[in-house]
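Trainee: Sharing a structure below in structure tokens format, with a few things to ask.
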Amino acid sequence: MEIAWIGTGIMGAPMALRLLRVGHRVRVFNRTPEKARALANDGAIVAADAAAAVAGAEVVFIMVSDTPDVEAVVTKAEPALKAGQLVIDMSTISPRAERALAARLKRLGVDYLDAPVSGGDVGAKEGTLTIMAGGEENAFERARPLFEHLGRRATYMGASGAGQMTKLANQIAVALALEAASEAIRFAQAGGLEPSRVLEAIGAGAAGSWQLANLGPKIIAGDYRPGFFIKLIRKDLRLVADAARESKVALPGLAMMASMFNSAAALGHDLDGTQAVAAVLDRLADVK
Ligand code: NAP
0 MEIAWIGTGI MGAPMALRLL RVGHRVRVFN RTPEKARALA NDGAIVAADA AAAVAGAEVV
60 FIMVSDTPDV EAVVTKAEPA LKAGQLVIDM STISPRAERA LAARLKRLGV DYLDAPVSGG
120 DVGAKEGTLT IMAGGEENAF ERARPLFEHL GRRATYMGAS GAGQMTKLAN QIAVALALEA
180 ASEAIRFAQA GGLEPSRVLE AIGAGAAGSW QLANLGPKII AGDYRPGFFI KLIRKDLRLV
240 ADAARESKVA LPGLAMMASM FNSAAALGHD LDGTQAVAAV LDRLADVK
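To convert, note that position 160 of the sequence shown is 159 in numbering that gives the first Met the number 0; the numbers rise steadily by one, no gaps.
Structure (structure tokens):
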């Protein structure tokens, strides 16, 4: 298939690579061109801009950062889009904005899915992401064979925006599970326990979680290199807070986690991974 892939960062690059490896022709574009060029050795064709990437592609993937970025990409690509193409936004952005973009492209005869993912950089590399999609169901069925190379599970969630709403629910659970894992580890360490043995002991039981299994060892090692930037989870929790305000739902845990990640950013960790939230606990407990 002729595919366009826009946004080749931590998530987008390994996802595009998976499609190249199964034989699709993939044209890539990224704002910082070096990150797109890095895929040329694997057979990707590097496009000069978003419009050049999408021209003639059957399916267009977008995997950029935030709502204004997706809007900017669609605006630049729009003159080159033709009826019958399918655009799939896999970034995590505002559900309301997705509904507006879907309606805008529908007028051109272009199908649009919001299909954000969960599973981190590890899931992107291994093709084990969880994909949650919103849009028209026949567009989802069209995308399904491609989703099978990217994720372990792709679920159709309903009309446009439903994929993003599901992802935001996911982020509430992720943020609080990370806090739970961080507090358990620091508590164990402060109590004189060997933290990696604690992970072994409790990880397979009721306390087990993706956050504990994947980020727990990094917290113990003080390895704050990013899989998922603090700045991006701060963006996600802002999107959750906006949607919660619209639907008047109380999320006290979410409010606390927004503060924790803001503190992590204030301590200089915005470009570190989300596990750097443990550094806030260290500061609160005055750990040296
Ligand atoms: P990232 O490494 O910052 O990648 C984003 C990429 O999009 C960058 O390469 C950036 O280019 C490019 N970009 C941004 N705006 C653009 C524009 N207007 N035009 C063209 N390219 C543009 O972030 P990521 O971790 O891959 O995250 C991407 C999305 O996936 C985010 O919405 C994030 O919330 C979501 N997500 C991330 C994870 C994770 O674990 N990392 C998991 C699930 C979902 P530059 O190089 O110029 O900045």
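For glycine and all other residues, C-beta sits at the position ideal for the given N, C-alpha and C.
#1: Going along the chain, which residues of its own chain have a beta-carbon closer than 8 Å to the beta-carbon of A75, five neighbours each way excluded?
#2: Inspect the beta-carbon positions of S90 and M62 and report whether they are closer than 8 Å.
#3: Relative to the alpha-carbon of L270, which residue among S208, I232, R237 and A161 has its alpha-carbon at the smallest distance?
#4: Is L14 near E57, with beta carbons less than 8 Å apart?
#5: So, are the CB atoms of L177 and L238 less than 8 Å apart?
#6: Assuming the contact rule is C-beta atoms closer than 8 Å, V25 and L18 should be a hit. Round their C-beta distance to whole Å, please.
#7: Give the DSSP bridge partners of R152, in chain order.
#8: Taking the alpha-carbon of T127 as reference, which of V109, R151, V276 and D68 has the nearest alpha-carbon?
#9: What is the DSSP secondary structure of L80, counted as helix, strand or coil?
#10: Give me whichever residues DSSP pairs with Y111 in a beta bridge.
#11: Within this structure, are the beta carbons of D241 and S93 separated by less than 8 Å?
#12: Would you report the Cα separation of W209 and A220, rounded to the nearest angstrom?
#13: With a cut-off of 8 Å on the beta carbons, I'd call A174 and L253 a contact; round off their distance for me.
#14: Determine the direct distance from the alpha carbon of F186 to that of G226, and round the result to whole angstroms.
#15: Would you report the Cα separation of I184 and L250, rounded to the nearest angstrom?
#16: My output table needs one value for I92: the three-state DSSP class, helix, strand or coil.
#17: What does A3 pair with, by DSSP beta-bridge criteria?
Mentor: In short:
#1: Position 76 of the sequence shown, counted from the first residue, corresponds to residue 75. In the sequence on display, residue 75 carries Lys and not Ala. These residues qualify, in order along the chain: D48, A49 and A50.
#2: Counted from its first residue, the sequence shown places residue 90 at position 91. Counted from its first residue, the sequence shown places residue 62 at position 63. Taking 8 Å as the Cβ cut-off, S90 and M62 qualify as a contacting pair.
#3: Taking the first residue of the sequence shown as position 1, residue 270 is located at position 271. Nearest of S208, I232, R237 and A161 to L270, Cα basis: I232.
#4: In the sequence shown, the residue the question calls residue 14 occupies position 15. In the sequence shown, the residue the question calls residue 57 occupies position 58. It should be pointed out that residue 14 corresponds to Met in this sequence rather than to Leu. No, Cβ-Cβ distance for M14 and E57 is not below 8 Å.
#5: Translated into the one-based positions of the sequence shown, residue 177 becomes position 178. Translated into the one-based positions of the sequence shown, residue 238 becomes position 239. Taking 8 Å as the Cβ cut-off, L177 and L238 do not qualify as a contacting pair.
#6: Locating residue 25 in the sequence shown gives position 26, counting from the first residue. Locating residue 18 in the sequence shown gives position 19, counting from the first residue. V25 to L18, Cβ: 5 Å. Contact.
#7: Within the sequence shown, the letter at position 153 stands for residue 152. Note: R152 sits in a beta bridge opposite T129.
#8: Working through the sequence shown from its first residue, we reach residue 127 at position 128. The shortest C-alpha separation from T127 is found at R151.
#9: Translated into positions along the sequence shown, residue 80 becomes position 81. Here L80 sits in coil by DSSP.
#10: What you label residue 111 is simply residue 112 of the sequence shown in a count that begins at 1. Looking at the DSSP assignment, Y111 forms a beta bridge with V86.
#11: Translated into the one-based positions of the sequence shown, residue 241 becomes position 242. Translated into the one-based positions of the sequence shown, residue 93 becomes position 94. Contact flag set, yes.
#12: Walking along the sequence shown from the start, residue 209 turns up at place 210. Walking along the sequence shown from the start, residue 220 turns up at place 221. Answer to the nearest angstrom: the Cα atoms are 17 Å apart.
#13: Residue numbering aside, residue 174 sits at position 175 when the sequence shown is read from its first letter. Residue numbering aside, residue 253 sits at position 254 when the sequence shown is read from its first letter. Going by Cβ atoms, the distance from A174 to L253 rounds to 7 Å, so yes, they are a contact pair.
#14: Walking along the sequence shown from the start, residue 226 turns up at place 227. Walking along the sequence shown from the start, residue 186 turns up at place 187. Those two C-alpha atoms are separated by around 24 Å.
#15: Position 185 of the sequence shown, counted from the first residue, corresponds to residue 184. Position 251 of the sequence shown, counted from the first residue, corresponds to residue 250. Computed Cα separation, rounded: 25 Å.
#16: Taking the first residue of the sequence shown as position 1, residue 92 is located at position 93. Three-state result, I92: coil.
#17: Taking the first residue of the sequence shown as position 1, residue 3 is located at position 4. R26 and V59, per the DSSP bridge assignment.
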